[in-house]
Structure formats: C-alpha cells, structure tokens
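Colleague: Note that the sequence shown covers residues 1 to 1055 in the UniProt record's numbering.
Note that the Cβ used here is the ideal one computed from N, Cα and C, for glycine as well.
Just so we're clear, the structure is a prediction, and the values are computed from it rather than from any experiment.
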Amino acid sequence: MECTVYTRDSSGIRGAGARKFGNRVSSQRSNMSAESAVYEALQYACSQDTQMLKPAEQKLAEWEVQPGFHLTLVNIFSNQSLDAGVRWMASLYFKNGVLKYWRQNAPNAISREEKQEIKKQLLMKFNEPVQQIAVQIAVLIANISRYEGMSDWKELIPTVVKAVQSEDMIVQHRGLMVMLHVVKVLCSKRIPRDRQQFQAFALTWYDFVLNLWEGYTQLFFTNICEQNCAIEVCASNLEKAIFSLRILKKLTIYGITDPLKSEGCMMLIRVMFQRLKDLLECRMRAKRMLREAETNAPSSTMNNEAIEIMRKLTVNLEKFIVKHMKFLNLFYETHPDVFSSFVAVSFEFCFNYVFHEGTNLIFEDNVITFPNFAIQCLCLLKGILSPNTVKLDVLPRVSNYLAGEAKERVNSAKVDFFTPERLSYIFEKLIMHYFLLTPDEFEQWDTDPEGYTSDEGGDSWKYNLRSSAEAFYMILFQKFSPTMIEELRKYITKSQSITLTENSDMNDLLIKDSIYNATGLAAFTLFDEINFDEWFSRQLLEELKFKSHNFRIIRKRIIWLVGQWTGVRFSKALRPQVYQACLELLQPSEDLAVRLTASRSLRSIMDDFEFVAEQFVEYLEPAVALLFGLLKEAVECETKMTVLYVMSFIIEKMSMSMRIDVQSLVQYLPLLWEESREHNMLRCAIISTLLQIIKALYEIPSSEPIVTFIYQIIEMSTNVNEPSHVYLLEEGLELWVVVVHYSRTMNQELLNLCDNLVPLIQQSSSNMNICLAIVQAYVFLGAEVFLPRYGQEIVKTCQYLLTDLRADGVVLINRFFLTLLQAVPKFAVELLRPYLVEVFRSYYQQTNFPQVLQIYLQIISRVLMSDQVTFSVVLGETGAQDALEKILTAWLEDMRRVTAIEERKLLALALSSLLTVSNDVIFKNFAGIITNVTEALNDVMDVFSQDTKVDSLVIDDENVDNVGVTLFSYGFIDSDMVQDETPHFSRCRSFCMHDPTHVIVLKDYLQNQLVVLKNTIGAERYQSLMTSVDLQTLKELSNFIALGIELTTGIDDGA
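1) Going by beta carbon distance, what residues of the same chain come within less than 8 Å of Ser676, once the five residues before and after it are set aside?
2) Determine whether the beta carbon atoms of Pro576 and Gly629 lie at a separation below 7 Å.
3) Please find out if some non-hydrogen atom of the ligand ATP comes closer than 6 Å to the beta-carbon of Ser604.
4) Given Phe709, which residues of its chain have a CB within under 8 Å of its CB, disregarding the five upstream and five downstream residues?
5) Go ahead and label Ile1045 buried or exposed: buried means 16 or more other beta carbons lie within 10 angstroms of its beta carbon, across all protein chains shown.
6) Assign Glu590 to buried or exposed, taking buried as 16 or more other Cβ atoms, counted over all protein chains shown, within 10 Å of its Cβ.
7) Since Phe220 is in the alpha helix (DSSP H), which residue starts that stretch and which ends it?
8) If we ignore side chains and look at the alpha-carbon of each, how far apart do Leu160 and Ala138 end up?
9) For a test of the three-state rule: what should DSSP assign to Glu1046, helix, strand or coil?
10) So, for Ser262: in the same chain, excluding its five sequence neighbours on each side, which residues have a beta-carbon less than 7 Å away from its beta-carbon?
11) Keeping to the same chain, check which residues put their C-beta closer than 7 Å to that of Val338; ignore five residues upstream and five downstream.
12) In or out: residue 1096 buried (at least 16 other Cβ within 10 Å) or exposed?
13) Measuring only the C-alpha atoms, how far is Arg190 from Val271?
14) To the nearest angstrom, report how far apart Phe21 and Ile76 are at their CA atoms.
15) Would a C-beta distance cut-off of 7 Å place Leu1002 and Asp942 closer than the cut-off?
16) Decide yes or no for the touch test of the region 163-178 against the region 112-127: beta carbon pairs closer than 8 Å, at least 3 of them.
17) Assuming Arg552 and Val617 form a contact by the criterion Cβ under 8 Å, report the distance between their Cβ atoms to the nearest whole angstrom.
18) Figure out for me which residue from Gly358, Gly383 and Leu644 has the closest Cα to the Cα of Leu328.
19) In whole angstroms, what separates the C-alpha of Phe94 from that of Glu57?
20) Count the C-beta pairs between the region 539-550 and the region 467-480 that are closer than 8 Å, then say yes if the count reaches three, no if not.
21) Can you give me the C-alpha to C-alpha distance between Ile855 and Leu644, rounded to a whole angstrom?
22) Is it true that the region 557-570 meets the region 513-531, where meeting means three or more beta-carbon pairs spaced less than 8 Å apart?
23) Under a three-way DSSP split, which group does Ile770 fall into?
24) Can you tell me the Cα-Cα spacing of Asn352 and Ser604, whole angstroms?
25) Could you check which residue in Tyr147, Lys120, Asp528 and Arg288 has the C-alpha nearest to that of Met310?
26) Over the uninterrupted alpha helix (DSSP H) stretch that includes Phe611, give me the two end residues.
27) Confirm, please, whether the CB-CB distance from Thr870 to Phe840 is below 7 Å.
28) Do Leu436 and Ser495 have their CB atoms nearer than 7 Å?
29) Between which two residues does the alpha helix (DSSP H) carrying Arg600 extend?
30) Excluding five sequence neighbours on each side, which residues of the same chain lie with their C-beta closer than 7 Å to the C-beta of Val933?
31) Would you tell me roughly how many angstroms separate the C-alpha atoms of Leu1047 and Ile1000, rounded to the nearest one?
32) Measuring CB to CB, does Ala374 end up less than 7 Å from Val343?
33) Let's test the definition: count the other Cβ atoms within 10 Å of the Cβ of Ile1041 and tell me whether it reaches 16, buried, or not, exposed.
34) How should Cys225 be labelled, buried or exposed, when 16 other C-beta atoms within 10 angstroms of its C-beta is the threshold for buried?
35) To test your reading of the DSSP string, which unbroken alpha helix (DSSP H) runs of 4 or more residues are found completely within the region 912-944?
36) Alpha carbon to alpha carbon, how far is Phe849 from Asn1039?
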C-alpha cells in the first residue's frame, strides 16, 4: 500500500477546531505513514463536533476504494496500544467495507492479496481484551466466512478450534465467540450446496461442541459448589457454557437432518432434563450466595465489584436455563417425531417445576421469581398438546409407519399423564396461583394503567407469564373439555357462594377475579353449561355496584366477562342493563383501567349479530360524551387510537340504522390532530373517525373551521411532498371521496385539493382506482369548473399510463373515459380527441384484450351518439380507407358477446343512428345491424301491464326507485351506497336520467330511423334492404315496430 494515497497537514491534525479536517488532510504531502493518516481521520470520525466529523467521514469514504485501505483498518483495530474508541470505529468501517467490497464481482473489490493478508491477521486476534472490539472481530470473521465459505478458507475452523482448546481463558472465550458467529452465518445460508456443507460441518464437529458444553457446564457446577473458587472463574465458565449451548442449538436445528442417526444429538436431549434440574439447584445456591454477600459485605470497592459479578452471574445463569428450555421447544417444533420419545419425561419435568414440588425453586413467599422458566415450560406443554402432530406426515424422513408410531407415543403419554386427578390439581394451581393478580401487575396498574390494559395479543403467550398460562389453560379445555368444564363449574359455584361486601377480604376479590377470568376465557366451550343470564342478573350486576378502591378488580373483570359472553349467549332483554353498566364504568371518577376495559367491552357487545340499535339510542349520546372525555384524558397514542376506534365503531354501527348527532366529537378532533403530530397511526384513526362522522351526519359538518380542518387533512395526507403521506394516504383518499360525495356544491377550497391528484395518479397504480373515483365524483359535482382546469392534464396522464398497465388497469382508465362521455359528452369528446384515434384503430385491428375491446366499442358508440361529425373525422384520421367497414364488421360480431343489458342497448342505439347515414358500408351491413338491434330489443323490452311491452331501461316515475342498481352497474357508486340518498347519489341519478340509454325508447328510435331511411332512399330500395334481413328476424321485429314492408307471409305492416 502506497503512503501517498493518504495525506495530512504537516502541522498536525490536533490543531484548532475552526479549520476543517478535509483542508488539513489535502493541504500537503507528509512523510507519516498511511496508517497514521487513517488513524487520525478515524479520531475525528469519533468526534461529536460536526466541523470535524463530516470532513473526516467524507475523506474515509474517498479512501475506502483505495487498495490497502481495509488492511490498514485491520492493523489499526488490531493494535491494542491504540485508543479503544478509535479501534472500535476502525472495526465498524472495516465491517461496512466487507459488506460492500469483499465480493469478487463488487465494484472496487478488495484484491485477492489484500484479502489473504486480512484473513491471516484476523485469525491472530483471539486475545482481544476489549469485549466490544472482540465482538466486532467475531462478526467480521463470520461475515467474511459467508463470502469465502469453509472450502475457500480452510484455516478458519482449525484455528478457531485451536483457540477454544487454548489454556488462556481470554483466547478460549474469544474462540467460542468467533465459532458462534461463524455458525450463525453458515446456518443462515439457503442455497442447497451451502446447506449440505453446513450439515457436513455439523456432523464433523457436533461431538466436539457437545463435549465443550458438557465440560464447561460441569466446570461451572464444580466452581459454584467450591467454597474458595474465584467468582470470576465461575462466571467465565458459565459464559463459555452459554456459547457452547448456543452453537449446539444451531448445529442441532439446522445441521442435523436426522437426529435419530446422531448419537450425540440423542444423548444431548436425554441429559438435558437432568442438567436443567442441576442448574435450577445452582440458581438457588447462587441467589443464596448473593443475598449473603449483600448482607455481610462491607462497603469496600473490591466487595462491591464481586457482588456485581455475582449479580451478573445470577442473571446469566437464568439465561442459561431459559436457553435450555428454548432449545427443547425449538427441537420439538423441528423434530416432533424424535421428541415423541421424550414427551413423557417432558410432561413430568414441566409439571413438577411449574405446578408441583419443584415450584419451591422458582417461587419465593408464593411469588414467582423465575417467570421466564415457567413460560418456557408452559410453552412446551402447550406445544405438545397442540394439534401440530400433522407435521409428522410431511417430514421427508418419516415413513407413514414411523409417523403413526410417534403419534401413538404422544397420545399415549397424554392419556397416561393427564388423568382427571392431575387435571384437577393443575386447574387448582392455575386458578390459585397463575391467574391471581400479582404485586407487579398492581404496581403497573397504579403507575401505568394504559400500559396495563393494552391488548398485547399475537404471540404474547411466548414471553408473558399470564398470557402463557391462559394459552395453556385454553389448550387443556380443547383437549380435556369434559373434565375441565366440571372443574370450572365447581369454582363458579364456589365464587357464587362468596357474598361480597364493602369490607370483603382482598383474597376473596382476587379469587373471584381469577375464576371470572377462567370463565371468560372458556366462554365458547361453556355455551350450554352455564346460565349466564341468571348469573349476571342475580350476582354480577350487584357486584358492579361496589365502588370502593379494591373493588376496581371486580368491576374491571366483570365488564370484561360480559364482553366475552355477549358473543356466545346473552339475552337481548338484558342488554340495556349492560349498556347502563358500561356508562357507569365510563364515568370520569372511575379507575382509568376500568374505563378502558369498559370501552372495549362496549364495542364487543355492539359488534354482535343480535345487536339492536333501537335499544342503544338512549345511551348513545352519554356514551359518546364519556368516551370523548376518556379520549381527552388518555396519554398514550395507542390508547387514544383504541378509544377513537371504539367511538368510530359506535358511530358507524348506529348510523347504519338511524341518523345521529356527533357534533361534539367533531369539535375535539382538530385539537387531537395537533397533539398527534408525532403519531401518524393516531392520525390515521382520526381520519377514519372523520369519515364515519360524515357518513353518520349525511353531510359535511356545518362549522366553517371544521370544514377548513377537513380540507387541510385531505391536502396533507394526499400531498406526495409531505413525508407523512406514506402513512396517511390510504385513509386520506377514502376521506376525500366521502367529502366530495357528501358535498352539495363546489367551492374553491375543495377544487384546489385537486392539485394533488395528478402526482398521485402518476405515482403508482396501487391507488389508481380510488383516484379515478375522486375524479369521477368531481365530474358529477362540478364538471364545468373541474374539467377546464384539470381535465386535460388528468386525461394526458392516464393516456401515458396506459402503455405500462395490465388489462385490468387499461379497463379501469377506459371506463373512466367512458364515464366522462356519459356525464359530459360534448366536452368529453373534445377532451379525449387525441386519444380517440388510437381507440378506433385498436378496435378494428383487434389488438387488445377482449374486455378492453368491449370498452373501446362503448366509447365508439358514445362518440357516435353525441357527435357524428367528430366520429367521421376520427375515422379519417385512422389512416385506413375502409376504417368504417372494419369497425362495423367487428362491432356486429362482438355485440353478441356483450351481456350487460345497458351496454347492449347503447350499442343498439348507436347502430340505429347509423341507419340514416347514406353510406354503402351501412347498406352493405344493413341486415347485420337490424339483426343485432332486434336482439337488443328482445332483451330490453319487458312486459309491464296488460301484456304491454315497455323499454325496461327507460327511467320514469314508476321505476325511479331502482336506479341505485343501475348506478352501481355503471360504477358511479359503491355497493353500500345503493340505497343511500347522499348528494352524490342524487347527482348520479340526475345524470343517469339524462343519459340516452335511460331516456330514449329503443323501439321508438328505431321506428323513427327506419321511417327517415325509407323517405330518404325510396320505398323500392328500402324494400330491397329489408328483404336482405332474415325473415324470422323481421317477424320478431314486427312485434315491436311497423316495418313498412309486406312480409312474404302476406302480412302488411303498413307504411
């Protein structure tokens, strides 16, 4: 590496901070080595002063592509005499360099020679004294091994093994750390060849690592039992044992494909239960030693350091135990067939330490001190009891016979272990220990009620003791429901026998809370077992009336229990009492956790198939007011979102049945919006609530500040230049649609929002549908002001996007163009003028998907109906002399495939309009035109009364109520608006009632066109044209109109 690559100021880099580092480095050449220059740059990269930091980072970025730079970094962080902070920074830069430049085909890749030297240097650094730098070195070696592979870096594993076998404790520790990180990287590779290499590696080194785990664990046992053993040695051996176990886990899960063929793997599982028993004993011994040390130790620094090491050792020992349990859980999930041999011992082990005699090792004074261990035991029990033995059928190594044998072993162990007596014992322990509220929970309730009541959900049972116990309880109910139901009935009877008073003992309250919890969790199983209506009326309702502080436990649990049961079986007649109870529990004087629980329960009660809106009317206003107060008091963003969601749900649920007044809530939302500046998800909830409010009011709120606020929200959430639009866009677009739908008139502020539309349409096709729905709503609201300002740019953008969309996207945009032609035909023809040539040409060339060609045909029909001059001009611009003939030929063929009756009538009207055009192509295709129009007549004519046939698509006073279905078929409204009388609905209906399809009677129009044709070309030629039509078709047509010719049957239809 050349020294001239790096330069620095000869006066030194430690001068005044006012001069920038970059100027110093580049000012003149220096005789100092490149390593010194890089070291100095790294010093400034560690600085908090941006005047020094930024130039240093820039210079290091320039140097990183130079040959020899990364080797220089290795030399710096390997030099233990240098500043630790600078060395750590060098290791970070080197790690980034490995990720960017180690691959052979990477730009500015590190040279092969430099790589070899770097690997050689790294394998000499197993004596690093600084923990953070040692971790970085281990990660670096692992990252390089990802690119190099074991076959290309043959020295890696032997060197690591040699380090692990060293007599030096530091070297041993660093060697194990490197091995762990290398194994983690290698097992994460997914290419089959790499996986096979890792499996071969696992088979080769498994016994070696197993012996390490066994040896270090035994050393730790010996150390902890010795009176005079140095605590540092004990802690070091424990750390090495943890490293060994973590390596073993990776090798076992990802490297051993068939554990039955690995004697070491099977031995590991067999001895693990005994090791866990020994480690739990050691934990008790370590905790006792720690208490004695804390009690007897004088306040000397030396003893304080020893106590701190002892505390860390206790923490690491608990981690070591939990990692063993996690290993067993993961092994069962990965190899359930192999683990089936250990199911019986697993049941005994977990039962003993979670429910039976072994609980003295994890409980002190009836309070659990090792919850993480209990969680893992419960997870293992739940995992084995869960119906996941199906995995046995898909394991590649397991035959049907072996899978059946494994299932039989598991089922036999379940039956033998979970006897009625043992289930009764477990049930009692769950109710009397694990379901009882703990001092920690009470402390959180008092200090953080919002956090206490937050719904964790998901996989919380994997890391929360209460959730884990509840999940285990539920799986017991699934597997052993008769016994569990009988046990629960006993406890419910016991709870009903306890009559509470204001002075009731706290223990009675806790037991009742536990029993009510168990009942609520199993509500769906108890459907036919408990008369909950009677229980609620006679006891639970009375217990809700106790208002003392301790009774908050019961109030919170009962209202939660009612929320659980309303979805199972609960009388409609009792629901008003529940609503009243919820209102009382939502009062500002009530405990915050109780109020939050009541709000969620109220939502659950209303979200029921049997909910009757009329029963809730009298409670609606006070409920919204109380929730409104709760919303203002809540501090956490998640809590505000939850309460706001409940309010939004109530508004939506009630507005489905009746119109409600929620003006008070509207007034608070602007303030909440300002407070939620840092919480975009809360702002999403606010937007959704606004949307529901507008729907509930059936109009935009009348307050001018609120209207301005709504427009500001839409502008911010749909502006692609606003960073928050990433979170708010979906809800903002939905609000925008609703606002336009419910607006009665266009105003300047509403119109100005459309500045955001074109960038949104350009941005992606994901929001295309709703963006075009907004444009369509604006067209119906005020086309005369909207289209002149934005129409051309929107159409141009859509036309550009057509070149890069799939068929469904092309259909979407062309349907939008069709809506323009339907709503404002004259203006739309001019607006779409540049695009029409492409539509005509693509249609007669048949160069698109069938569904797209059908839309093209409708566009052509609309143009023909509204402006025949433009139709003729566009035909000429297609460049084909026979364009009309080609279009008409395709039209007559494709019309048979059109199924929608509105579309068939439109095409028939357009064809009929051609009959009076004096053109040989029309006369040539006369028979086809009459045939298709006749078929359309048969479809649209319907028997009305007294056998009189009428045009079913013409909207009049008799069928105006059915217009909603028609609007939905056009895509003007959504399915949930078919029965709505919104302003948008009224506008769409008005446009629809002026549409030719729904105004013109097809048979009358055809009759008129034929009369004009006969008068224009003369009776003789008219007779000739009509005789070219199939006789059966003419007979059918004669049922609707007067043909003006004499049919061959002798029937004269008159002139």
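Modeller: With the given structure in hand:
1) The residue given as residue 676 occupies position 676 in the sequence shown. Only Cys637, Lys640, Leu682, Arg683 and Ile686 meet the Cβ criterion.
2) Indexing the sequence shown from 1 puts residue 576 at position 576. Indexing the sequence shown from 1 puts residue 629 at position 629. No, they are not a contact pair.
3) Among the components modelled here there is no ligand, and therefore nothing to report on the ligand ATP.
4) On the sequence shown, residue 709 is found 709 positions in, with the first residue counted as 1. Once the five neighbours on either side are set aside, the close Cβ partners of Phe709 are Leu669, Pro670 and Trp673.
5) The residue given as residue 1045 occupies position 1045 in the sequence shown. Ile1045 should be labelled buried.
6) Position 590 of the sequence shown, counted from the start, is the residue given in the question as residue 590. Looking at its Cβ environment, which holds 16 or more other Cβ atoms inside 10 Å, Glu590 is buried.
7) Locating residue 220 in the sequence shown gives position 220, counting from the first residue. Where Phe220 is concerned, the enclosing alpha helix (DSSP H) starts and stops at Pro192 to Cys225.
8) In the sequence shown, residue 160 corresponds to position 160, counting from 1. In the sequence shown, residue 138 corresponds to position 138, counting from 1. This sequence places Val at residue 160; Leu is not what is there. Looking at the two C-alpha atoms, the distance is approximately 11 Å.
9) Numbered from its first residue, the sequence shown carries residue 1046 at position 1046. Correct three-state label for Glu1046: strand.
10) Taking the sequence shown and counting its residues from 1, the one referred to as residue 262 is at position 262. These residues qualify, in order along the chain: Tyr206 and Ile256.
11) Mapped onto the sequence shown, residue 338 falls at position 338. So the list reads Pro259 and Leu260, once near-sequence residues are dropped.
12) Coverage of the chain is limited to positions 1 through 1055, which leaves residue 1096 absent and any answer about it impossible.
13) The sequence position of residue 190 within the sequence shown is 190, counting from 1. The sequence position of residue 271 within the sequence shown is 271, counting from 1. Approximately 31 Å, taken between the alpha carbons.
14) In the sequence shown, residue 21 corresponds to position 21, counting from 1. In the sequence shown, residue 76 corresponds to position 76, counting from 1. Legend: pLDDT at Phe21 = 36, less than 50; position of this residue unreliable, no value from coordinates given.
15) Taking the first residue of the sequence shown as position 1, residue 1002 is located at position 1002. Taking the first residue of the sequence shown as position 1, residue 942 is located at position 942. Going by C-beta atoms, Leu1002 is not nearer than 7 Å to Asp942.
16) yes
17) The residue you call residue 552 lines up with position 552 of the sequence shown. The residue you call residue 617 lines up with position 617 of the sequence shown. Arg552 to Val617, Cβ: 30 Å. No contact.
18) As a first step, residue 328 must be located in the sequence shown, where it is residue number 328. For the residues Gly358, Gly383 and Leu644, the minimum Cα distance to Leu328 belongs to Gly383.
19) Sequence index remark: in the sequence shown, residue 94 carries index 94 (1-based). Sequence index remark: in the sequence shown, residue 57 carries index 57 (1-based). If I take the Cα positions, the gap works out to 13 Å.
20) no
21) For the purposes of this step, residue 855 is identified with residue 855 of the sequence shown, where counting begins at 1. For the purposes of this step, residue 644 is identified with residue 644 of the sequence shown, where counting begins at 1. Their backbone Cα atoms lie some 43 Å apart in a straight line.
22) Yes, they touch.
23) Counting from 1 along the sequence shown, the entry for residue 770 is found at position 770. Helix.
24) Here the question's residue 352 lines up with position 352 in the sequence shown. Here the question's residue 604 lines up with position 604 in the sequence shown. Their backbone Cα atoms lie some 39 Å apart in a straight line.
25) For this step, residue 310 is matched to residue 310 along the sequence shown. Looking at the Cα atoms, Arg288 is the closest of the given residues.
26) Translated into positions along the sequence shown, residue 611 becomes position 611. That residue, Phe611, is in no alpha helix (DSSP H); it is neither H nor E in DSSP.
27) For the purposes of this step, residue 840 is identified with residue 840 of the sequence shown, where counting begins at 1. For the purposes of this step, residue 870 is identified with residue 870 of the sequence shown, where counting begins at 1. Contact flag unset, no.
28) Looking up residue 436 in the sequence shown gives position 436. Looking up residue 495 in the sequence shown gives position 495. In this structure, Ser495 does not lie closer than 7 Å to Leu436 by Cβ.
29) Translated into the one-based positions of the sequence shown, residue 600 becomes position 600. Note, Arg600: alpha helix (DSSP H), Leu592 to Met606.
30) Counting from 1 along the sequence shown, the entry for residue 933 is found at position 933. Residues of the same chain with a CB within less than 7 Å of the CB of Val933, apart from the 5 flanking positions on each side, are Ala908, Leu911, Ser912 and Leu1006 in chain order.
31) Residue numbering aside, residue 1047 sits at position 1047 when the sequence shown is read from its first letter. Residue numbering aside, residue 1000 sits at position 1000 when the sequence shown is read from its first letter. The alpha-carbon atoms of Leu1047 and Ile1000 are separated by roughly 28 Å.
32) For the purposes of this step, residue 374 is taken as residue 374 along the sequence shown, with counting starting at 1. For the purposes of this step, residue 343 is taken as residue 343 along the sequence shown, with counting starting at 1. No, the pair does not count as a contact, with Cβ atoms beyond the cut-off.
33) Translated into the one-based positions of the sequence shown, residue 1041 becomes position 1041. Counting Cβ neighbours within 10 Å, Ile1041 comes out buried, since at least 16 surround it.
34) Within the sequence shown, residue 225 is the residue found at index 225, counting from 1. Counting Cβ neighbours within 10 Å, Cys225 comes out exposed, since fewer than 16 surround it.
35) The region 912-944 contains these whole alpha helix (DSSP H) runs: 920-924 and 926-940.
36) In the sequence shown, counting from the first residue as 1, residue 849 sits at position 849. In the sequence shown, counting from the first residue as 1, residue 1039 sits at position 1039. Roughly 37 Å between the two C-alpha positions.
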